Amino acid sequence: MKLCFLPKPKTFGSARWAKRKEFKSTLKGQGLILGKIGRKFLRYNDKEGSTIIFAPTRSGKGVGFVIPNLLDYRGSVLCTDPKGENYRITKRHRKTYGDVFCLNISDPTDSAHYNPMDSIRTGDFHETDDAVMLAGLMIVPEKHSPAHWRNKATEWLAGFILYVAHKYPDTPELRTLTEVRNITKSEADTFALLLEDMQESLIAIVRETATEILAMDNNPECNGILSTLEKGTRPFGEGRAAAIISSKSDFSFNDFNSKIKTVYIVVPPENLEQYSSYMRVITGLAISGLQREGKTSEFPPLLMLDEVAALGYLEPLESGIAYLSSYARLVLVFQDVSQLKNIYPKADSIISNTNCQIYFSVNEIGTAQGISNRIGHKTIKSRSQGQSQAHDAILTHQQQAGTAEAARLLIDPSEVTRLKIDEVIIFMKKECIYPIFAKTFKYYEHASFKGKFDKWRG
Numbered sequence: 057m058k059l060c061f062l063p064k065p066k067t068f069g070s071a072r073w074a075k076r077k078e079f080k081s082t083l084k085g086q087g088l089i090l091g092k093i094g095r096k097f098l099r100y101n102d103k104e105g106s107t108i109i110f111a112p113t114r115s116g117k118g119v120g121f122v123i124p125n126l127l128d129y130r131g132s133v134l135c136t137d138p139k140g141e142n143y144r145i146t147k148r149h150r151k152t153y154g155d156v157f158c159l160n161i162s163d164p165t166d167s168a169h170y171n172p173m174d175s176i177r178t179g180d181f182h183e184t185d186d187a188v189m190l191a192g193l194m195i196v197p198e199k200h201s202p203a204h205w206r207n208k209a210t211e212w213l214a215g216f217i218l219y220v221a222h223k224y225p226d227t228p229e230l231r232t233l234t235e236v237r238n239i240t241k242s243e244a245d246t247f248a249l250l251l252e253d254m255q256e257s258l259i260a261i262v263r264e265t266a267t268e269i270l271a272m273d274n275n276p277e278c279n280g281i282l283s284t285l286e287k288g289t290r291p292f293g294e295g296r297a298a299a300i301i302s303s304k305s306d307f308s309f310n311d312f313n314s315k316i317k318t319v320y321i322v323v324p325p326e327n328l329e330q331y332s333s334y335m336r337v338i339t340g341l342a343i344s345g346l347q348r349e350g351k352t353s354e355f356p357p358l359l360m361l362d363e364v365a366a367l368g369y370l371e372p373l374e375s376g377i378a379y380l381s382s383y384a385r386l387v388l389v390f391q392d393v394s395q396l397k398n399i400y401p402k403a404d405s406i407i408s409n410t411n412c413q414i415y416f417s418v419n420e421i422g423t424a425q426g427i428s429n430r431i432g433h434k435t436i437k438s439r440s441q442g443q444s445q446a447h448d449a450i451l452t453h454q455q456q457a458g459t460a461e462a463a464r465l466l467i468d469p470s471e472v473t474r475l476k477i478d479e480v481i482i483f484m485k486k487e488c489i490y491p492i493f494a495k496t497f498k499y500y501e502h503a504s505f506k507g508k509f510d511k512w513r514g
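In the numbering used here, the protein residues as written are 57 to 514.
Here it is as structure tokens:
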């Protein structure tokens, strides 16, 4: 009987799923809702941890993760919302926590307003850095575009931004990115006069921008840089949705931590490519505002970046994701690991620096292999049985039996891709060293959210 209590063999590996007692601390608290274990929510309670989600389209992450957390989370929230679904469903309840603003590219007549130029601390020694950061967000990196053109376009755009910021300090309707675009697209004679005026500026980057452009005398390199600059300002062209929404500011990101508010960025899926730089600008300025405020609270601001791939390459996410986690709870949503790697050269570093990873309905084999390898092998025992016969044996046949140990993946890649739609795999660094096998759910079927959400007519 004692044999029944022998420890399981670990010769070739000891992979297994987490036991409930090992993650019991996650079944209470007020952190992010990750899924469900039985009747209880599984929560991520680390205030300084970031989360990455891999979920193909129609995998249930919207109804099982994004919306439940928008309804439940008690701090400020910035949410990218491609279809406007999250805004329509959750705005009423979010208003019980604080002010709600929707930057609505799909209908700028029914939208809040935010002027990115208001992020520049004009007259302060920070102003040049602020302008360079804003310009860098506007110009989306492209694989086939020379890095030199992008870097120089960023510098020049920062020069034009500061020129406009100082030229119209008391005329807010002109102190906009639309005006920045207008002056860079002006006729040749007007543009030449503008550059001469910029050369008289007291601000170094404004003077240098004008001097460099005039020195290049319209050569091909100059035209290439200006073309890159023009592309970055395109969403803010006269009469376009982003221009209308950016004409003034109804709120600031500088008090995003101390004053609870919710900001939705609604860009229709068909316009994601056109307005990727606009989404980058708002997201980047939200992060910058949090860093400037430098405060922490019981519920740090939640940055819910759904379809984050649409933003293109964001340098802070690659180089400083661990640093950003001290200011906000960051949630990055990608379709699969391949999508992440196509945008970020250091994708593995991003994954390793997130404290929580969730996998919904994996159907991409590379992602499935990564999950399987990470979980690892378990040791199994196999029985063998056979017969042997010797010419001088007394018995004609001899029965032989034995056991052997072997390695087997706890879950192989094909099994990962065959998981049910309501099954998710979760890794957490601090709370549990073993992977958690959990269930997802639909917010509209859960009693906790009854009366808190509205219907969406998409």
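Heads up, the beta-carbon is just placed ideally off N, CA and C, and yes, glycines get one too.
No experiment lies behind these values; they were computed from the predicted model shown.
Residue i versus residue j - alpha carbon distance
i    : j    : result
N275 : M194 : 24 Å
T227 : L341 : 22 Å
G69  : G426 : 17 Å
L230 : S302 : 11 Å
L59  : K437 : Low confidence applies here, because L59 scores a pLDDT of 48, under 50, leaving its location unreliable; read the following figure in that light. Taking the straight line from one Cα to the other gives about 14 Å.
I2   : A460 : Nothing about residue 2 can be read from this structure; the chain reaches only from 57 to 514.
L346 : I482 : 28 Å
M57  : K495 : Its pLDDT being 46, under 50, M57 is placed unreliably in this model, and the coordinates cannot settle the point.
N125 : G295 : 35 Å
Y334 : V418 : 30 Å
D404 : T423 : 12 Å
P324 : P356 : 28 Å
L159 : G507 : 25 Å
L90  : F121 : 6 Å
S382 : G116 : 29 Å
K84  : R99  : 7 Å
G154 : I406 : 32 Å
G376 : L370 : 10 Å
R130 : V156 : 13 Å
T210 : E354 : 37 Å
E374 : Y400 : 7 Å
A221 : S428 : 53 Å
P372 : K397 : 16 Å
D311 : A244 : 42 Å
G94  : F497 : 11 Å
L466 : I431 : 7 Å
F309 : V319 : 10 Å
K96  : H169 : 39 Å
Residue i classed as buried or exposed, judged by whether at least 16 other C-beta atoms fall within 10 angstroms
i    : result
D102 : buried
P172 : buried
I108 : buried
K317 : buried
E501 : exposed
L213 : buried
L258 : exposed
A71  : buried
E277 : exposed
P491 : buried
R144 : buried
G552 : Outside the displayed range of the chain (57 to 514) lies residue 552, so it cannot be described from this structure.
N409 : buried
Per DSSP, cross-strand counterpart(s) of residue i
i    : result
V389 : I109
E326 : Looking at the DSSP assignment, E326 forms no beta bridge with any residue, so it has no partner.
L98  : G91
Q413 : I108 and F483
S70  : K434
Y224 : In the DSSP output, where bridge partners are listed per residue, Y224 has none listed.
I321 : T136 and L159
Identity of the residue in the options nearest residue i by Cα
i    : options                   : result
G87  : R513, T265, E487 and M254 : E487
D186 : D180, G192 and I176       : I176
A111 : Y383, V364 and S504       : V364
I421 : Q395, A298 and Y129       : Q395
E235 : E349, L270, E268 and E286 : E286
E349 : T178, A384 and T82        : A384
I338 : G94, R114, C135 and I123  : C135
D392 : S106, T184, T113 and G94  : T113
K208 : P225, V188 and Y224       : V188
L328 : V196, L358, K80 and H204  : V196
N313 : G288, K351 and F307       : K351
Distance cut-off 7 Å: residue i Cβ against heavy atoms of the ligand ADP
i    : result
I481 : Judged by which ligands are present, the structure shown has none, so any question about the ligand ADP falls away.
is_contact[residue i, chain B] using C-beta, thresh 8 Å
i    : result
I321 : Absent from the structure is chain B; it holds one protein chain and no more.
Quiz item: Which full runs of the beta strand (DSSP E) of 3+ residues lie inside the region 330–374, going along the chain?
Solution: 358–361
Quiz item: Can you give, in chain order, each stretch of the alpha helix (DSSP H) that sits fully within the region 107–173 and has at least 4 residues?
Solution: 123–128 and 141–150
Quiz item: What are the start and end residues of each continuous beta strand (DSSP E) run of 3 or more residues lying completely inside the region 463–500, in chain order?
Solution: 479–484 and 488–495
Exercise. Mind listing, in chain order, the continuous beta strand (DSSP E) runs of no fewer than 3 residues lying wholly within the region 246–322?
Key: 317–322
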